[in-house]
Amino acid sequence: MASAGQIIALRRPAAEMDQVLRPEQSDVVRLASVKPKPQPSAPPSLLVEDLSLSFGSIPAVDKVSLAIPAGDIVALVGHSGSGKSTLLRLIAGLERPDSGRVVINGTEVSGPNAFVPPERRGIGMMFQDYALFPHLSVLKNVLFGLRRVPAGEARERARQALDRVGLGGREDAFPHALSGGEQQRVALARAMVPGPDLLLMDEPFSNLDRRTRDIIRDETTAVLRESGTTTVVVTHDPDDAMRIADRIVMMQGGRFAQSGTAEELYQHPASLPVARFFCELNEIETACRNRMIATPFGDIPAPGTAEGTPVTVCVRPGDIQLFEPSVGDRTGRIISSQCLGETVLIHLAIDGLDRPLRVVAPADGAPATGRTVGFEVETGKLLVFPAG
Ligand SMILES: Nc1ncnc2c1ncn2[C@@H]1O[C@H](COP(=O)(O)OP(=O)(O)OP(=O)(O)O)[C@@H](O)[C@H]1O
Numbered sequence: 001m002a003s004a005g006q007i008i009a010l011r012r013p014a015a016e017m018d019q020v021l022r023p024e025q026s027d028v029v030r031l032a033s034v035k036p037k038p039q040p041s042a043p044p045s046l047l048v049e050d051l052s053l054s055f056g057s058i059p060a061v062d063k064v065s066l067a068i069p070a071g072d073i074v075a076l077v078g079h080s081g082s083g084k085s086t087l088l089r090l091i092a093g094l095e096r097p098d099s100g101r102v103v104i105n106g107t108e109v110s111g112p113n114a115f116v117p118p119e120r121r122g123i124g125m126m127f128q129d130y131a132l133f134p135h136l137s138v139l140k141n142v143l144f145g146l147r148r149v150p151a152g153e154a155r156e157r158a159r160q161a162l163d164r165v166g167l168g169g170r171e172d173a174f175p176h177a178l179s180g181g182e183q184q185r186v187a188l189a190r191a192m193v194p195g196p197d198l199l200l201m202d203e204p205f206s207n208l209d210r211r212t213r214d215i216i217r218d219e220t221t222a223v224l225r226e227s228g229t230t231t232v233v234v235t236h237d238p239d240d241a242m243r244i245a246d247r248i249v250m251m252q253g254g255r256f257a258q259s260g261t262a263e264e265l266y267q268h269p270a271s272l273p274v275a276r277f278f279c280e281l282n283e284i285e286t287a288c289r290n291r292m293i294a295t296p297f298g299d300i301p302a303p304g305t306a307e308g309t310p311v312t313v314c315v316r317p318g319d320i321q322l323f324e325p326s327v328g329d330r331t332g333r334i335i336s337s338q339c340l341g342e343t344v345l346i347h348l349a350i351d352g353l354d355r356p357l358r359v360v361a362p363a364d365g366a367p368a369t370g371r372t373v374g375f376e377v378e379t380g381k382l383l384v385f386p387a388g
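According to UniProt numbering, the sequence shown is numbered sequentially starting from 1.
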């Protein structure tokens, strides 16, 4: 059977493919920044080397390595149980690794020779439930992050931190009187106020409704960028990851399935699970015949793929173009159309497929249910993987 690399290479030049695959093949996934890069000699803010932790027979984190330059924001994504929180807890010092090392700003904090407790790692932490003290005012919650700072200076810094997250004037309020978004901002101010070397966030936006979430997420990103805080954020939401992070690391079964920029993971997923995580897909099971892969959108050459190799051809709903058909065009019939606001979700029945294709088209001028339409997809937009 052909390897994943061979099959994936069908849709990309070999040199580009090599770039996508190389990080997973290297021992250390180096996470470069899109912001001003640190000097090549500058040590990464966070270095994780061959880190592992099993719970009984479950390898929750399995020999993972990464290096994050100062000021970068990295998102750990993946399905439930993929190991994201365990990796974050290992970095925080809330778990001890079975093997491997964690180094923060050049100091080994977990490893064969050291274990520094969480409170001495110079990290800020922010969790899904925000963990605010209900009996303390907003100001006192933030002051909690500055217990070792002289009182006058601490109050000044806490007020500045609250101003920065847009909560100036709410110092005396209690958590129960705040909205979810405001509580999230208090938690952010408290995590940021000591000026941590590293900020760790576990699902920081998941308790917020959709609209608040978008606003708070953008505001939080702005605060992190402005302060240049190196951040690792765990999320199961691909939108969060793509909007916040310089780099995304997708975990699967305790390992890194792929790492790269949002564009790399979205446009050039290295495997079917990665592709599925970032976008709903139309998936078509087929096979290689006579060095070609037949799809409803046309045949794709598959040199080097063994005869009969089963493959999954994927197409994103937004990559299917619909148009007024002419003689010879591929056609389908619209069996339903659902308004999504600026777009419509269309179910398109086509010959040879048991299930209709899902197509997302602009709402403006979208064809009506029952119509026969032409359809096409640029071959370069098709994703081909070993059968999933
Ligand atoms: N304290 C524990 N004891 C036993 N097993 C655990 C423990 N913590 C995590 N696990 C297991 O380790 C694996 C990874 O869990 P982890 O919580 O890191 O995943 P996750 O990707 O963060 O999931 P979620 O998104 O649901 O939080 C899972 O199989 C989980 O059941």
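Just so you know, even glycine gets a beta-carbon here, dropped at the ideal spot from N, CA and C.
Just to confirm, is the Cβ distance from M192 to G122 under 8 angstroms? no
Inter-residue spacing [alpha-carbon to alpha-carbon] between G260 and A151: 43 angstroms
Assuming V142 is part of the alpha helix (DSSP H), what are its boundary residues? 138-143
Are the CB atoms of R96 and F115 within a distance shorter than 8 angstroms? yes
Contact between the region 299-315 and the region 329-345 (3+ Cβ pairs under 8 angstroms): no
Do T230 and S45 have their CB atoms nearer than 8 angstroms? yes
Between I320 and the rest of its own chain, which residues show a CB-CB distance below 6 angstroms, the 5 nearest in sequence each way excluded? V359, F375, V377
Taking the alpha carbon of A173 as the reference point, which residue from M201, A189, N141 has its own alpha carbon closest? N141
How would you label D163, buried or exposed, when you count the other beta carbons within 10 angstroms and need 16 or more for buried? exposed
Should the region 84-95 be regarded as contacting the region 52-66, the criterion being three or more beta carbon pairs within less than 8 angstroms? yes
Does the beta-carbon of C314 have 16 or more other beta-carbons within 10 angstroms, so that it is buried, or is it exposed? buried
According to the neighbour-count rule (16 or more other Cβ atoms, all chains shown, within 10 Å of its Cβ), is G365 buried or exposed? exposed
Using the C-alpha atoms, what's the distance from P317 back to P367? 15 angstroms
Is the beta carbon of A245 sitting closer than 8 angstroms to the one on I73? yes
Measuring alpha carbon to alpha carbon, tell me which residue in P118, G100, V103 is nearest G93. P118
Distance, C288 Cα to P303 Cα: 10 angstroms
Please classify V103: does DSSP put it in a helix, a strand, or coil? strand
Excluding sequence positions up to five away, which residues of its chain have a Cβ less than 6 angstroms from the Cβ of R147? none
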